[in-house]
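Trainee:
Number of protein chains: 4
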Amino acid sequence: MSRKIRMGMIGGGRGAFIGNVHRMAAALDGQIELVCGAFSSQEEKSRLSGEDLYLPTERVYGSFNEMIKIEILLDPNIRMDFVSIVTPNHMHFEPAKMALEYGFNVVCDKPLCFNLEQAYELRDLVKNSGLLFALTHNYTGYPMVKQAREMIRSGELGNIRKVVVEYPQGWLSTALEATEQKQASWRTDPQKSGIAGAMGDIGTHAENLTEYITGLEISELCADITALVPGRRLDDDGNVLLRFKNGARGILHASQIAAGEENALSIRIYGEKAGLEWHQMEPNSLHVKWLDKAMEIYRTGTANLSESTQAHTRLPAGHPEGYLEAFANIYRNVAKCIQAKQEGKQVDPVFQDFPDINDGVRGMEFIYKVIESGQSNKKWVKM
Amino acid sequence: MSRKIRMGMIGGGRGAFIGNVHRMAAALDGQIELVCGAFSSQEEKSRLSGEDLYLPTERVYGSFNEMIKIEILLDPNIRMDFVSIVTPNHMHFEPAKMALEYGFNVVCDKPLCFNLEQAYELRDLVKNSGLLFALTHNYTGYPMVKQAREMIRSGELGNIRKVVVEYPQGWLSTALEATEQKQASWRTDPQKSGIAGAMGDIGTHAENLTEYITGLEISELCADITALVPGRRLDDDGNVLLRFKNGARGILHASQIAAGEENALSIRIYGEKAGLEWHQMEPNSLHVKWLDKAMEIYRTGTANLSESTQAHTRLPAGHPEGYLEAFANIYRNVAKCIQAKQEGKQVDPVFQDFPDINDGVRGMEFIYKVIESGQSNKKWVKM
Amino acid sequence: MSRKIRMGMIGGGRGAFIGNVHRMAAALDGQIELVCGAFSSQEEKSRLSGEDLYLPTERVYGSFNEMIKIEILLDPNIRMDFVSIVTPNHMHFEPAKMALEYGFNVVCDKPLCFNLEQAYELRDLVKNSGLLFALTHNYTGYPMVKQAREMIRSGELGNIRKVVVEYPQGWLSTALEATEQKQASWRTDPQKSGIAGAMGDIGTHAENLTEYITGLEISELCADITALVPGRRLDDDGNVLLRFKNGARGILHASQIAAGEENALSIRIYGEKAGLEWHQMEPNSLHVKWLDKAMEIYRTGTANLSESTQAHTRLPAGHPEGYLEAFANIYRNVAKCIQAKQEGKQVDPVFQDFPDINDGVRGMEFIYKVIESGQSNKKWVKM
Amino acid sequence: MSRKIRMGMIGGGRGAFIGNVHRMAAALDGQIELVCGAFSSQEEKSRLSGEDLYLPTERVYGSFNEMIKIEILLDPNIRMDFVSIVTPNHMHFEPAKMALEYGFNVVCDKPLCFNLEQAYELRDLVKNSGLLFALTHNYTGYPMVKQAREMIRSGELGNIRKVVVEYPQGWLSTALEATEQKQASWRTDPQKSGIAGAMGDIGTHAENLTEYITGLEISELCADITALVPGRRLDDDGNVLLRFKNGARGILHASQIAAGEENALSIRIYGEKAGLEWHQMEPNSLHVKWLDKAMEIYRTGTANLSESTQAHTRLPAGHPEGYLEAFANIYRNVAKCIQAKQEGKQVDPVFQDFPDINDGVRGMEFIYKVIESGQSNKKWVKM
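Residue numbers (the working numbering), protein chains in the order written: chain X, 962 to 1344; chain P, 962 to 1344; chain D, 962 to 1344; chain L, 962 to 1344.
(1) Does the beta-carbon of N1089 of chain D have 16 or more other beta-carbons within 10 angstroms, so that it is buried, or is it exposed?
(2) Measure the C-alpha to C-alpha separation of L1093 of chain L and A1289 of chain L and round it to an integer number of angstroms.
(3) Using a Cβ-Cβ cut-off of less than 9 Å, list which residues of the segment 1224-1238 of chain X approach chain L; keep chain order.
(4) Check distances from the C-beta atoms of the segment 1236-1263 of chain P to those of chain D and list, in chain order, the residues that come in under 8 Å.
(5) Counting contacts by CB-CB distance shorter than 8 Å, is P1104 of chain P in contact with chain X?
(6) Alpha carbon to alpha carbon, how far is H1248 of chain P from M1105 of chain X?
(7) Do N1099 of chain D and C1074 of chain D have their beta-carbon atoms positioned less than 8 Å apart in this structure?
(8) What residues in the segment 1077-1095 of chain L bring their beta carbon closer than 9 Å to a beta carbon of chain B?
(9) Could you round the C-beta distance between R967 of chain D and M1041 of chain D to whole angstroms and report it? I think they count as a contact, below 8 Å.
(10) 8 Å is my cut-off, CB to CB: does A1278 of chain L come that close to chain D?
(11) Excluding sequence positions up to five away, which residues of its chain have a Cβ less than 7 Å from the Cβ of D1320 of chain X?
(12) Determine whether the Cβ of L1133 of chain L lies closer than 8 Å to any Cβ atom of chain D.
(13) Check the Cβ of N1319 of chain D against every Cβ in chain X and list those closer than 9 Å, keeping chain order.
(14) Which whole-angstrom value is the C-beta distance of L1285 of chain P and L989 of chain P, which I expect to be below 8 Å?
(15) Find the nearest neighbour of R1204 of chain P within the set P:V1126, P:C1069, P:K1254, judged by alpha-carbon distance.
(16) Per DSSP, K1306 of chain P forms a beta bridge with which residues?
(17) Pick out the complete beta strand (DSSP E) segments inside the segment 1174-1210 of chain D, 3 residues or longer, and give them in chain order.
(18) Looking at the structure shown, is L1375 of chain X part of a helix, part of a strand, or coil, going by DSSP?
(19) Going by C-alpha to C-alpha distance, which of L:L1014, L:L1077, L:K1058 sits closest to I993 of chain D?
(20) Are the C-beta atoms of E1101 of chain X and some chain L residue less than 8 Å apart?
(21) Taking the beta strand (DSSP E) that R984 of chain P falls in, what are its first and last residues?
(22) Using the three-state DSSP reduction, which class does G1283 of chain L fall into: helix, strand or coil?
(23) Comparing C-alpha positions only, which one of D:V1201, D:N1245, D:A1225 sits nearest to K1343 of chain D?
(24) Taking the beta carbon of R1260 of chain D as the centre, do at least 16 other beta carbons fall within 10 Å, making it buried, or is it exposed?
(25) Is the Cβ-Cβ distance between P1281 of chain P and P1281 of chain X less than 8 Å?
(26) Out of curiosity, what's the CA-to-CA distance linking G1324 of chain L and A1057 of chain X?
(27) Among P:G1064, P:T1101, P:F1054, which residue has its Cα nearest to the Cα of A1080 of chain P?
(28) Using a beta-carbon distance below 8 Å, is K1123 of chain P in contact with chain D?
(29) Got a sec: which bits of the segment 1278-1310 of chain L sit with their beta carbon under 7 Å from any beta carbon on chain D, in order along the chain?
(30) Taking the continuous alpha helix (DSSP H) assigned at M1105 of chain P, which residues delimit it?
(31) Would L1266 of chain D pass as an interface residue toward chain L - the criterion being a Cβ-Cβ separation below 8 Å?
(32) Kindly indicate which three-state DSSP category P1151 of chain X falls into: helix, strand or coil?
(33) How would you write the range of the beta strand (DSSP E) that V1087 of chain X sits in, first residue to last?
(34) DSSP three-state call for A1289 of chain P: helix, strand or coil?
(35) Could you tell me which of L:L1237, L:H1273, L:W1132, L:G1064 sits nearest to K1297 of chain L, measuring between CA atoms?
(36) Write down the C-beta distance between I1174 of chain P and I1113 of chain P rounded to the nearest angstrom, noting that I regard them as a contact closer than 8 Å.
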C-alpha cells in the first residue's frame, strides 16, 4: 500500500520566508509529510521552529549534518525520503552534496548554488547517484505555463521569432539591506548570494521560464547590469539582449528597483502565426493573439486545454489558483516520482515535469554569462 | 505543548469535488491533520477513498453514524476534534446534529441545510452545546474582502447607499443533469438541493458576502426567479432587488446559465465618499474609487492594509493567493479557535472570524424569502 | 457634384457641454459644416458663441424661431439642411416640431422630449413629413456595438436568455445642483428634465442599447427608483428587473450616485451558446465567452469583423477610437442619408443605421413605465 | 476678428491612410479648414481626391510645387496658412523645404525626412525662417502623457532610474510587401523609407515619447536590429539597451513582427519613489505605483490633474478619448499658435506644446545611431 512521502527540511526556521512557502506547497495535496528538520544552524532556533511545526523533539536537529547522519540510521518505515533545502544560496551546496552522498533525494531552492564549480560538482553527483534532484523554479508549475509550452511544442505558433521576458520588482528601491531586513540582507551580500544580485535571484527565473516554455536555447547575450541604489554591492537591475539558436531575438530584463512593482514576471512569445502572453500576477489567463482571427484567452480549468495543463490544475474554472498551487505542482510531481520509484512503478510522463539539475546548471551559467557581459565592452557573449 | 487539530471528514469520497477542496484547505497551513473519515455511504467507496488519503484502515468508516460513535470512544490523544461535512445539502443536517450531540465541533459546507426547520434546530443545538460551528462561505476568507470590510467599518466610504453583488456562472447552460454529471445532478434535484437551485448554491454566497462586507442587513427584497433551461426542476437564474435597513438600495443576481462565465462573483459598494469594487476572479485587487481623487487599487501583501487583511495573507505582494488560500483561512481560524479552547487560552479576535451558525440561518432565510418573492405578485417581501 | 451637408445648431452656446460634443462629432469626417446657429435664448450669448465658432454674424440667430424662419428663405445653395437640437430636455419639442413643419431634417439629443404626449406628436410629425429624424443615442455608434448586434442577429449566441445592462455614474453623489453647476442643475429639475432624473438621462441609453443590440423587446419591468441624495427632486438611482418578449430575463440599473464611477455603461448578454460583454469605457474590445472553447476578444480594426463594424471604423487596430468617433458615426450616417436623398440616390443599408423617432418614443415610454413601477406596489408593469 | 486657420495638404489622396487621419485631426475642433491640396503626384488622382473632400476644383493641385507657387499669389484672405505633409518619408524634404522658403508654416508627418543631411538642412531652414514647424509625434498629444510628464517634472517620482518603452506591432509578420499592400510596400523599401524600417516608423515614436515624458536624454545605446521575415529589406524588429545622461538605464524595443499585437506602444518609468505606466491602447489611464501606499490610477477627465492634462482633454471622465483626439491636440495647438502670431498675441504656454524640428532631428539621429549600433560589434554607441 502507498504511503505519504516523508520530507526533512534544511533551513526555513522562524523568520524565514521561503521555508514556509515550501512547507505549504508540500502539504497542499496530502502526498507529503514533514517528518524532520534542521531549521536553523542555531540549535535553539531550530528546536523552537520544530515545535511550531508540531514535530517530535527527536526529529528536530541542530544541523543538516546531524540530521542526515541520524536519519540514515532510522527505520526505513519512518526515515525521511528526501530533503528540502531552503537556505540562502551559499548554503545550498554542502547539504545537497551530503544528502546525495547519503542517498537522499533532494529538492533545492534556486539558484542552484553559490558558484559554477559547485554547480558542475552537483551535476556529477546527481548523475552518478541516480537520485531525484528538483530545483524550485516554481513558476514553471503554473497550468497556463504548461499550456503555453504545449501550444508552442505542437507548432500552433509556427517558428518562434521573438521573446520578451521580464521580471520587475520594486522592493529593493531603497537600501533595505541597511535596515537589516533579513531577505534584503543576504540577497545583496556577495558572500551569501554569489556574484549576482537581482540577476541571480529573479533573472534566473526569467531565463528558466523562457527556455522551458519555448524549448529554445539562448545562444548569446548582451547585458547591461547595474546597481542603481547607492552603496549596493550587487546588481539590482539588469537588461539583456538575447539571441537564440534558432535565430529568434529576445529581451530579458529583471529589476528590484522598479518602484511599485510587486512580482511582475511576464513573458511574451511571438511566432510566425501568433503571439502568446502570460503574466504571473494574473496566472490563470493565457492570451493568444492570432494574425487573422480574434484574440483568445485560455483560462485555467476550462475546456480544450492540454493534458499537462489539466494534470496541473486542481479547481474548476474561475476558482483562482495561485503561487502556492504552482509551487505545489513541483512537490506533487516529486512525490509521485519518488513514490513510483519506491514501488517500482512507472510514472505518467505528465508528472515527470519539474526543473532538475540541468536547469540548475543552466541557471548558474546564465548568471556567469550575464555578469561577464555586464563587465565587457564586447557586444555579444556566447552562452 | 500544542498539537495539530484532528479532522474527521463526512463525504468527499472519490469523484466528489468539494471534499478535496476542504482537504487541501485544511492541510495548507499545517495546523490540521485528517485522521479519519466516512467518505461515502457506500462502504467500499469509503474504504478506497481512505486508502487514497493514506488513512489507516481502522479510521475509515462506512457511515458518519459509525464514525461518530466509534471516535467518541477513542483515546482523546488520537480522537478527532471536529467533523467536516462536505455532503450534498440534504445530508448536512443529520451528521451535523449527531456530531454536536456527541460533542464534536463542526465545519459544514454551505448552504447550512435542506430546509428552514433544520436550520433553526441546528442553531439551537449549537447555542446549547457551546461547540464551534463554522460554515464555509469561503469567499469571506479573501484578504481583500477583509480589507473592504475594514474600510467600510472605519467609515472611509461614508454611509453606504448602494450595493451591486453578482454571481454569474455558465456551467449549467445546458441540461447537464441529464448526462448524470454528479455536481449538476444533485444541485438541480429538489430532493437533494432543497427549494432552490442557483439561489441556494451561489445566491447565498452573494448574500453572505454582502452582509459580511457592508455590515448592512437586507430588510426587503423583490425577486425574479427562473429556470431557463427547459426541463430543469430548480431555478438556474435569479435577479433580486434589495433594500437595506439603513435605506441603501441594492441588486443581487446569480445565474448558472450565464454562458461562458466561470465563477464571476463580484461586489460593488457605493458610499457617500467612495465606491469599492472586488472581483473574486482577480481576488488580490480591491478597487477604491474616490469622488475627488485618483482611483486606488489596494493589493494583497502591500503596505498599509488593515490588521485583519494582513492576518489572512500568507505571501508577499505579487505572489497571487487564490481560492484555496481564502478557503484555508477559514480552516486556519477554526483550528486556532479549537486549539485555544483546548488549551484554555484566548484567541486574538482577528482569528475569530469565520461564518457561523447565524450566517447559516440567515442564508436559509434568504433562500426562503427569495423563492417566496419569486412566486409572488407582491412587490416587496420582508426579510 | 456632391457637397457638404449644412447644419444649423439650436442650443450649445458658451458653457454648454453637449453642444460642443455634437459639433466635434459633426465635423470629424468632413461631411458636415456648421453654417448657422441659435446657440442660446440670450441673444448676446448666442452672438458670442457664433463668433467663437467663426460663423458670419448674419447666420447667428437670437432664437430657433428666428433661425428657422430666416433660413427657410435663404438660397438653397447656402441654407441649412438640418437642425441639431442640443438644448435641455424641456426645449427639444418646440424647435423639433417647428423644424419639421418648415421642412428641415432634425438631429436631436436624447431623451426625445419632456413628456409622452410630445413624443407621440413628434412621431406623427416625422412620419407625415417624410423627413429624417435622428436621436443621438450615441453609444449605438461604437464599432463593437455593431459587432455584438451582428453576432446576435446571425445566431452565433443562440437564443438570448439573459441581459445585464448597467450605467453607473458618480458625479451626482453630492448635491451638486445646489452649487448651480449647470449640468446638474437642469437634470435634477422636474421642470426641465421631465418626470425622471437618472432614468431619463442615462437609463434610456441603457434601454436603447439593450434593444438595439439584442433585437429583443422588453415586455414588462419592475423598478425600484430612488433619490438617495437628500433634497434631490428627481431619481438618482434606479434598479430594474426586466422581462423580454422571448422569455429572457434581465437587469437594468443606472445610477448617478455610484461614487467614483465615471461613465461606466456596460452590457452583458447571455445566449444558449455564448455570452457577450461590452464596456463603454473600453469600447474597442468585445468579449465573447463560449461554452466550450477559449474566450475571444474581438477588437476594433482587426480581421473578421462584420461589414457594419467595418463601416463604422476609421482606424487600424490598436489606434483607439472613442466616444467622439462613435458619436460621429451617427452624424456621418445622417449626412450620407441626407446627401443621398438630395441626390436621388440609394444609401447602402449599412449607413441607414442611427436611432430614430421610434427609438425616441420607446425611450419616453420606458421612462414612464419605470417611474410608474417605482411608485407601484404591483410587481410587474407591462411595457 | 479671428478666423479658422487654413490648411493645404500634400499627399493623402485616395487609398492613403495617414492623410485622412490628419484631416480628421485637423477638423475635430473647428479651428482649421482644409482649403486646398496636392493629394497625389498623379494629377487625376489628386483631382478625384479633392472632389471627395468637397474642395473647389481650382484649389486642387497636381503637385506640391504648383500648389505652393499658386497659393502664395492668392489673396491673403483665402490663401492657405500652412501645409500638412503626409507623404512617405522620402517625400517630406522637398515640399517642406519649399514651403518654408515660400513662407508657409509646416506640419509634417514623422520621421522628419529621408536622411540626416536633410534633417540638418531643414533645421537650419526652420530656424532662419521663424516659421512654425510641427512634427506629428502624435502620441505625445494624449492627456495622460501630459500628466505623466508633469508628475515627473514636479519631482513626484524622485530621480528617474529606469525606463522601459516598447512598441510592438504584428502587421508585418508576413511578407505583406509582396502583395503590394501600399502601407507595407513603401515602409519596407529603402528607397522610400530610408535606412530603417520599424525603427524609423515606430522606434522613433518610442524614443520621442521617452524623452518627452521623462525630460531625460539618451546618452548611449546598444542595439540588436533584425529583419526576421525572409526577404525583407529593412529591419522589422529592434531591441535596444539605453543609457541616459542622468545615469538611468532603459530598454526600448519596437517590432512589426510581434504577431497579433496591434499598436501596443507603452512606457514604464521608475523613479526613486514610484513607478508610472501608460499604454497607448488604454490611453485614458495612467498607473502610478508607489513604494509605500496603494497604487493609483489617474484617469482622463477626473479631478486633480495637471493644467496641461486638462488643456488637452475634451470630454468628462469615462467618455473615452482616443488616437484622433490626441492627434488633434497637435493640430489644435498649431492652430492656436499660428492664430496668435497672425493676431500679434501671446499664446498660453500650455498650448505651445507640440513636437518640433528639434524632435525631428533627434529622431533622425536616433535612427542613425540605432542602425549603426545594430551593425557594430562595439557594445555602446554614443548619441
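Each residue gets a CB set at the ideal place from its N, CA and C atoms; glycine is no exception. Given the structure is predicted, the values throughout are model-derived calculations rather than measurements.
Mentor: Well, looking at it:
(1) For the purposes of this step, residue 1089 of chain D is identified with residue 128 of the third sequence, where counting begins at 1. N1089 of chain D is exposed by the Cβ-count criterion.
(2) Position 132 of the fourth sequence, counting from 1, holds the residue named residue 1093 of chain L. Position 328 of the fourth sequence, counting from 1, holds the residue named residue 1289 of chain L. Near 17 Å, if we compare the C-alpha coordinates of A1289 of chain L and L1093 of chain L.
(3) R1229, Y1231, G1232, E1233, K1234, A1235, G1236, L1237, E1238
(4) G1236, V1249, K1250, W1251, L1252, M1256
(5) Position 143 of the second sequence holds residue 1104 of chain P. Answer no: the Cβ-Cβ gap between P1104 of chain P and chain X never drops below 8 Å.
(6) One-based indexing of the second sequence puts residue 1248 of chain P at position 287. One-based indexing of the first sequence puts residue 1105 of chain X at position 144. Roughly 26 Å between the two C-alpha positions.
(7) The residue given as residue 1074 of chain D occupies position 113 in the third sequence. The residue given as residue 1099 of chain D occupies position 138 in the third sequence. Contact: no.
(8) The structure shown has no chain B; the protein chains it does contain are X, P, D and L.
(9) Within the third sequence, the letter at position 6 stands for residue 967 of chain D. Within the third sequence, the letter at position 80 stands for residue 1041 of chain D. Rounded, the Cβ-Cβ distance is 5 Å, consistent with contact.
(10) Reading the fourth sequence from its first residue, position 317 is the one you call residue 1278 of chain L. It does; some Cβ of chain D falls within 8 Å.
(11) Here the question's residue 1320 of chain X lines up with position 359 in the first sequence. L1096, H1098, N1169, listed in sequence order.
(12) Position 172 of the fourth sequence, counted from the first residue, corresponds to residue 1133 of chain L. It does not: the Cβ of L1133 of chain L has no partner Cβ on chain D nearer than 8 Å.
(13) Within the third sequence, the letter at position 358 stands for residue 1319 of chain D. Within chain X, no residue comes near N1319 of chain D; the closest Cβ sits about 33 Å away, beyond 9 Å.
(14) Here residue 1285 of chain P is taken as the residue at index 324 of the second sequence, counted from 1. Here residue 989 of chain P is taken as the residue at index 28 of the second sequence, counted from 1. At roughly 7 Å, the Cβ-Cβ gap stays under 8 Å, so L1285 of chain P and L989 of chain P are in contact.
(15) Your numbering for residue 1204 of chain P matches position 243 in the second sequence. R1204 of chain P has its Cα closest to that of P:V1126, out of P:V1126, P:C1069, P:K1254.
(16) Numbered from its first residue, the second sequence carries residue 1306 of chain P at position 345. None; K1306 of chain P has no bridge partner.
(17) 1179-1187, 1198-1205
(18) No answer is possible for residue 1375 of chain X: it lies beyond the span of chain X, which begins at 962 and ends at 1344.
(19) As a working note, residue 993 of chain D is residue 32 in the third sequence. If we check each option's Cα against that of I993 of chain D, L:L1014 comes out closest.
(20) As a position in the first sequence, residue 1101 of chain X is number 140, starting the count at 1. A small correction: the amino acid at residue 1101 of chain X is Thr; Glu does not occupy that position in the sequence shown. No, because no Cβ of chain L sits closer than 8 Å to the Cβ of T1101 of chain X.
(21) The residue you call residue 984 of chain P lines up with position 23 of the second sequence. Looking at the DSSP string, R984 of chain P is not in any beta strand (DSSP E); the run it does join, the alpha helix (DSSP H), is 979-988.
(22) Here residue 1283 of chain L corresponds to residue number 322 of the fourth sequence, with the count starting at 1. In this structure, G1283 of chain L counts as coil in the three-state DSSP scheme.
(23) Taking the first residue of the third sequence as 1, we reach residue 1343 of chain D at position 382. Answer by Cα proximity: D:V1201.
(24) Stepping through the third sequence from its first residue, residue 1260 of chain D is reached at position 299. By the neighbour-count rule (16 or more Cβ atoms within 10 Å), R1260 of chain D is buried.
(25) Reading the second sequence from its first residue, position 320 is the one you call residue 1281 of chain P. Reading the first sequence from its first residue, position 320 is the one you call residue 1281 of chain X. Closer than 8 Å, so yes.
(26) Taking the fourth sequence and counting its residues from 1, the one referred to as residue 1324 of chain L is at position 363. Taking the first sequence and counting its residues from 1, the one referred to as residue 1057 of chain X is at position 96. The alpha-carbon atoms of G1324 of chain L and A1057 of chain X are separated by roughly 54 Å.
(27) As a working mapping, residue 1080 of chain P is identified with position 119 in the second sequence. The residue with the shortest Cα to Cα distance from A1080 of chain P is P:F1054.
(28) On the second sequence, residue 1123 of chain P is found 162 positions in, with the first residue counted as 1. True, the Cβ-Cβ gap to chain D drops below 8 Å.
(29) A1278, G1279, H1280, P1281, E1282, G1283, Y1284, L1285, E1286
(30) Reading the second sequence from its first residue, position 144 is the one you call residue 1105 of chain P. Its alpha helix (DSSP H) spans residues 1104-1114.
(31) The residue given as residue 1266 of chain D occupies position 305 in the third sequence. No, L1266 of chain D does not count as interfacial toward chain L.
(32) The sequence position of residue 1151 of chain X within the first sequence is 190, counting from 1. P1151 of chain X falls in the helix class under three-state DSSP.
(33) As a first step, residue 1087 of chain X is located in the first sequence; it is residue number 126 there, counting from the start. That residue, V1087 of chain X, is in no beta strand (DSSP E); its alpha helix (DSSP H) goes 1077-1090.
(34) What you label residue 1289 of chain P is simply residue 328 of the second sequence in a count that begins at 1. Note: A1289 of chain P maps to helix in three-state DSSP.
(35) Here the question's residue 1297 of chain L lines up with position 336 in the fourth sequence. Looking at the Cα atoms, L:H1273 is the closest of the given residues.
(36) In the second sequence, residue 1174 of chain P corresponds to position 213, counting from 1. In the second sequence, residue 1113 of chain P corresponds to position 152, counting from 1. Right, the Cβ-Cβ distance comes to about 6 Å (below 8 Å), so this counts as a contact.
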